[in-house]
Amino acid sequence: MEYKGFFVLRLILCFVFSILHLVHGDLSYSFPEELNRGAVIGNVAKDLGLELGILSSRKARVDFERNRKSYCEINFNTGDLMTSERIDREILCAKRPSCVLKADLVLENPLELHRVTFHVQDVNDNSPKFRENFIKMEIRESAEKGARFSIEVANDADIGQNAVQQYVIQKNDNFILSLDNKKVELVLENKLDREKQKEVNLLLSAIDGGSPQRSGTVAIHVSVLDANDNAPLFSQPVYKTSLPENSPLDTVVVTVIATDADEGVNGDVTYQFGHASEDDANLFSINSKTGQIKVTGVIDFEEISSFEINVQAKDGLGLTSYANVLIDVTDVNDNAPAIYLKSLSNPIPENVPPGTEVGIINVQDRDSEKSQQVRCSIQQNVPFKLVPSIKNYYSVVTTGKLDREIVSDYNITISATDEGSPPLSSSKTVHLSVADINDNPPVFEEQSYSAYVSENNKAGSTLCSVTAQDPDWRQNGTVIYSLLPGEVNGAPVSSYVSVNGDTGVIHAVRSFDYEQFRSFKVHVMARDNGSPPLSSNVSVSVLISDVNDNYPQILYPTSEGSSFMTELVPKAAHGGSLVSKVIAVDADSGQNAWLSYHIVKSTDPGLFTIGLHSGEIRTQRDISESDSMKQNLIVAVKDNGQPPLSATCAMYLLISDNLAEVPELKDISYEENNSKLTSYLIIALVCVSTFFLTFIIIILGVRFCRRRKPRLLFDGTVAIPGAYLPPNYADVDCTGTLRSSYNYDAYLTTGSRTSDFKFINSFYSFKPSFLFFPCQEHCQYIFLNLKCLR
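Numbered by mature numbering (1 follows the signal peptide of the UniProt record, and there is no 0), the letters in the sequence shown go through residues -25 to -1, 1 to 765 in order.
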């Protein structure tokens, strides 16, 4: 019960020590070995003065040196530092008096490092143990009182007070124990007498100082013999040597030498290891005859840096002595640096500013001294660099602006090289993805688009397609098309065209008429689906091409109701003289408005001809007396479209020098036009003409009689006011259609006052022109300046 109470008290003291920590941000905890998993060692949140939420948000963790197992973990809910697995001091530190585990408490964002030292306290969990359960000794009866006989000590994996503290031998009449500097000897207290007692059986116990105490025993069998006076003697009590790690097998470590002053079998010495751990027995061997110790296993400085081996020398009759061999293992640069990725933000947004920390790495080298010094670098041509942080920690930070549309993934190769000779290096590749940010608006493939469509198109027909590209990813790169608000001829643009939001195809909403408008412009917007969305605009010009859908319209001669128009042709007209002109227009454009004129029917086919493109009617030959006075022409006006469209008109020509000579004219006029108003106008015109004719004959008749040849026709033009043009007439230059202004002159004979004549509408203005008529038998010409009003 006393032992149990002492053990409980010791545990309490260990937990009290565990809450102590070092200043300046370093923490130190002491705790006993063999704690159950989940046992609380300390509270890091309280010791560092941190709030509980910070431990989780900053990814607090404990990293042990040399990538050891994670013996401890942090409870984010309470801030407690707890054991995560069984901790055995004897496995970690063997016989070293102080067992210390070093670790780093890492906090991220920003990187913060606290040095943590764990002192693992020994618990008496191992009993003393002798190498053999039975020791056989032979002692001659001649041995003197006080003679000493060495006994192999017991081994206890525990240390300090928990290690072997005392030895107790079973009470007997011949031997007592002598303890001197951990050396155990049997001292002959009373001389042996073989004749009285051939054998002596003893029980030796080794007891540690733990609570509760533990012990181990060995049986000693002493055979009483005759005279072996000297035990083997080593040349030195302690052999010290050094051995490079990774030494090849069968490398000679050291040779121990023991001599025995006896002769014969009593002087034959054999060697063997005393108490040695199983690991030591697997790494070394000793030659029983020569005492040569060789390497039989792999020596690794990083695992064990020194060995202590007990060697026994025994003569032929069983007398023994012991010596210690101390082997220091020297380090060789046989470990390349190890790179551990402790933290990584993956993926990272492409808009992070330069200098942003994206990862933390830890570099360790298990070698020592200079071979443990490591240089780290990162491959070139990547926008990242390594920034030394605390101890052997490095931060991976950005050095420039990232652009996912240029590089979406990075393979960052980190290299580490130690300072050993020769130096060793290692590398680690870290894959890092760049997350997309909506930083690119859609871009149209062209700066502007043109769509060509023929008029009279069907509603819903496709005009053109616009395409915009967005290099962003997923919804940030999804493009949606729409029309920007606007008007075309005072109507919303949406009533003319529409755009497919997904494909960018533009359709006509209705049919277009080239004669109403020839082109219009719309604006299309391309918008991505990001947040916030980005957009761009482009203009689309819709150009309407003409279709031959309008018939030629004849402006002169015009036909209103049943009226007709009559032209007088002087009898003296020569071949090629201009008689009249057909004036026509076409509301179409281009070749669809190129007009050609044809006489399709005439009273005398060989008398008159018409200009193919001018519409001028001229005489083909001189007029003779045999020609009919009344000439009727049917003129067709045809455009150049495909298929061509045409219109016809009737032209009435009277071959006469005097309207009075045509008695039938009045009858024809009454038959075709029963308008009394027209007759009145003609009579008035004849009167005015007679007045002017008389005046001109008197004043100018003689002057012009001999200077000029008869000129029957004119080169003037008829002016047609714009109000007379068709409402859908579109003027196109160089198309063959007459201009909106055209001048035309009329001719009358001196006898026209008795004839009916229908002139052009009142808004045809006549330019002054020269008219010449032959005066009966004299070569006299008359100038007539007419201005007619209807």
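Cβ atoms here follow ideal geometry from the backbone N, Cα and C, with glycine treated the same way.
Exercise for the section: Pick helix, strand or coil for N386, following the three-state DSSP scheme. Expected result: In the sequence shown, the residue the question calls residue 386 occupies position 411. Of the three classes helix, strand and coil, the one that applies to N386 here is strand, per DSSP.
Exercise for the section: Within its chain, find whatever has a CB closer than 7 Å to the CB of L179; leave out the 5 residues flanking it on each side and keep chain order. Expected result: For the purposes of this step, residue 179 is identified with residue 204 of the sequence shown, where counting begins at 1. Once the five neighbours on either side are set aside, the close Cβ partners of L179 are I126, Y142, I144, T192, V193 and I195.
Exercise for the section: Following the continuous alpha helix (DSSP H) through L258, name the residue where it begins and the one where it ends. Expected result: As a position in the sequence shown, residue 258 is number 283, starting the count at 1. E253 to L258 is the extent of the alpha helix (DSSP H) around L258.
Exercise for the section: Please determine, among P7, D1 and E87, the residue with the shortest C-alpha to C-alpha distance to K34. Expected result: Within the sequence shown, numbered from 1, the residue matching residue 34 stands at position 59. It is E87.
Exercise for the section: With a 10 Å radius around its C-beta and 16 neighbouring C-beta atoms as the bar for buried, classify Q136 as buried or exposed. Expected result: Within the sequence shown, the letter at position 161 stands for residue 136. Exposed.
Exercise for the section: Count the CB pairs spanning the stretch 6 to 15 and the stretch 49 to 65 that are closer than 8 Å, and state whether there are at least three. Expected result: yes
Practice task
Evaluate contact between the stretch 372 to 382 and the stretch 398 to 415, counting only Cβ atoms and requiring at least three cross-stretch pairs below 8 Å.
Solution key: yes
Exercise for the section: Determine, using beta carbons only, whether Q339 and E40 come nearer to each other than 8 Å. Expected result: Numbered from its first residue, the sequence shown carries residue 339 at position 364. Numbered from its first residue, the sequence shown carries residue 40 at position 65. Closer than 8 Å, so yes.
Practice task
Confirm, please, whether the CB-CB distance from D306 to S343 is below 8 Å.
Solution key: One-based indexing of the sequence shown puts residue 343 at position 368. One-based indexing of the sequence shown puts residue 306 at position 331. Cβ atoms of S343 and D306: closer than 8 Å.
Handout entry: At least three beta-carbon pairs within less than 8 Å, the stretch 231 to 239 to the stretch 262 to 269
Key = yes
Handout entry: D55 to V81 span [Cα, whole Å]
Key = Along the sequence shown, read from residue 1 onward, the residue named residue 55 stands at position 80. Along the sequence shown, read from residue 1 onward, the residue named residue 81 stands at position 106. Straight-line Cα distance between these residues: approximately 15 Å.
Practice task
Check whether the stretch 167 to 183 touches the stretch 246 to 259, counting contact only when three or more Cβ pairs, one atom from each stretch, lie closer than 8 Å.
Solution key: no
Practice task
Determine contact between the stretch 434 to 448 and the stretch 349 to 359, defined as no fewer than three beta-carbon pairs at a distance below 8 Å.
Solution key: no
Practice task
Would you kindly report the start and end of the unbroken beta strand (DSSP E) that includes S125?
Solution key: In the sequence shown, counting from the first residue as 1, residue 125 sits at position 150. Where S125 is concerned, the enclosing beta strand (DSSP E) stretches over R123 to I126.
Problem - Chain-order list of residues whose beta-carbon lies under 6 Å from that of A622 (same chain, five-residue window excluded) - result: As a first step, residue 622 must be located in the sequence shown, where it is residue number 647. Here the set comprises Y526, P527, I529 and V612.
Problem - Chain-order list of residues whose beta-carbon lies under 7 Å from that of A132 (same chain, five-residue window excluded) - result: Here residue 132 refers to the residue found at position 157 when the sequence shown is read from its first residue. E65 and N101, listed in sequence order.
Handout entry: Sequence-distant residues of its chain with Cβ nearer than 6 Å to A118 (five each side left out)
Key = Mapped onto the sequence shown, residue 118 falls at position 143. Answer for A118: L163, listed in chain order.
Handout entry: Straight-line Cα distance separating T295 from S153
Key = The count along the sequence shown starts at 1 and reaches residue 153 at position 178. The count along the sequence shown starts at 1 and reaches residue 295 at position 320. Near 16 Å, if we compare the C-alpha coordinates of T295 and S153.
Problem - Inter-stretch contact (C-beta, 8 Å, three-pair minimum) for the stretch 107 to 122 and the stretch 282 to 289 - result: no
Practice task
Rounded to whole angstroms, what's the CA-CA distance from L292 to K215? Just pull it up for me.
Solution key: Residue numbering aside, residue 292 sits at position 317 when the sequence shown is read from its first letter. Residue numbering aside, residue 215 sits at position 240 when the sequence shown is read from its first letter. Those two C-alpha atoms are separated by around 29 Å.
Handout entry: Whether D614 touches L582 by CB criterion (8 Å)
Key = Position 639 of the sequence shown, counting from 1, holds the residue named residue 614. Position 607 of the sequence shown, counting from 1, holds the residue named residue 582. Against a cut-off of 8 Å, the Cβ pair of L582 and D614 comes out as no contact.
Handout entry: Cβ neighbours of V327 in the same chain (closer than 7 Å, five flanking residues each side left out)
Key = Walking along the sequence shown from the start, residue 327 turns up at place 352. Same-chain partners within the cutoff: T373 and L377.
Exercise for the section: May I have the straight-line CA-CA distance separating T669 from V544, to the nearest angstrom? Expected result: The count along the sequence shown starts at 1 and reaches residue 669 at position 694. The count along the sequence shown starts at 1 and reaches residue 544 at position 569. If you take the alpha carbons of T669 and V544, they lie about 22 Å apart.
Practice task
For the stretch 439 to 458 and the stretch 471 to 479, state whether three or more C-beta atom pairs, one from each stretch, are separated by less than 8 Å.
Solution key: With the cut-off at 8 Å, the stretch 439 to 458 and the stretch 471 to 479 touch.
Problem - Three CB pairs or more closer than 8 Å across the stretch 482 to 499 and the stretch 393 to 403 - result: Contact between the stretch 482 to 499 and the stretch 393 to 403 is not established, with fewer than three Cβ pairs separated by less than 8 Å.
Handout entry: Length of the line joining the Cα atoms of G465 and A426
Key = The count along the sequence shown starts at 1 and reaches residue 465 at position 490. The count along the sequence shown starts at 1 and reaches residue 426 at position 451. If I take the Cα positions, the gap works out to 21 Å.
Practice task
Assuming V333 contacts L407 (C-beta within less than 8 Å), just tell me the rounded distance between them.
Solution key: Counting from 1 along the sequence shown, the entry for residue 333 is found at position 358. Counting from 1 along the sequence shown, the entry for residue 407 is found at position 432. Sure, about 7 Å apart at Cβ, within 8 Å.
Practice task
Taking F109 as the reference, give the member of G185, V197, D524 and N50 with the closest Cα.
Solution key: Residue 109 sits at position 134 when you count from the first residue of the sequence shown. If we check each option's Cα against that of F109, V197 comes out closest.
Exercise for the section: Return the bridge partner residues of L56 from the DSSP annotation. Expected result: Translated into the one-based positions of the sequence shown, residue 56 becomes position 81. Paired residues: G17 and I49.
Handout entry: Span of the alpha helix (DSSP H) around C624
Key = Counting from one through the sequence shown, the residue named residue 624 turns up at place 649. From DSSP, C624 is part of no alpha helix (DSSP H) but of the beta strand (DSSP E) over S621 to I630.
Handout entry: Straight-line gap, D447 to F419 (C-alpha atoms, nearest Å)
Key = Mapped onto the sequence shown, residue 447 falls at position 472. Mapped onto the sequence shown, residue 419 falls at position 444. C-alpha separation (whole angstroms): 14 Å.
Handout entry: N262 versus Q140, Y246 and I114, residue with shortest Cα-Cα distance
Key = For the purposes of this step, residue 262 is identified with residue 287 of the sequence shown, where counting begins at 1. Closest option to N262, Cα to Cα, is Y246.
Problem - Which listed residue (K605, L2 and I279) has its alpha carbon closest to that of L23 - result: Your numbering for residue 23 matches position 48 in the sequence shown. Minimum Cα distance to L23 is reached at L2.
Handout entry: Boundaries of the beta strand (DSSP E) in which S280 is found, first to last residue
Key = Your numbering for residue 280 matches position 305 in the sequence shown. First-last for S280: undefined, no H or E at that position.
Handout entry: Close Cβ partners of E600 (< 6 Å) along its chain, the five nearest in sequence each way excluded
Key = Along the sequence shown, read from residue 1 onward, the residue named residue 600 stands at position 625. Hits under 6 Å: none found.
Practice task
Identify whether S31 lies in helix, strand or coil by the three-state DSSP scheme.
Solution key: On the sequence shown, position 56 is the one that residue 31 refers to. Helix, per DSSP.
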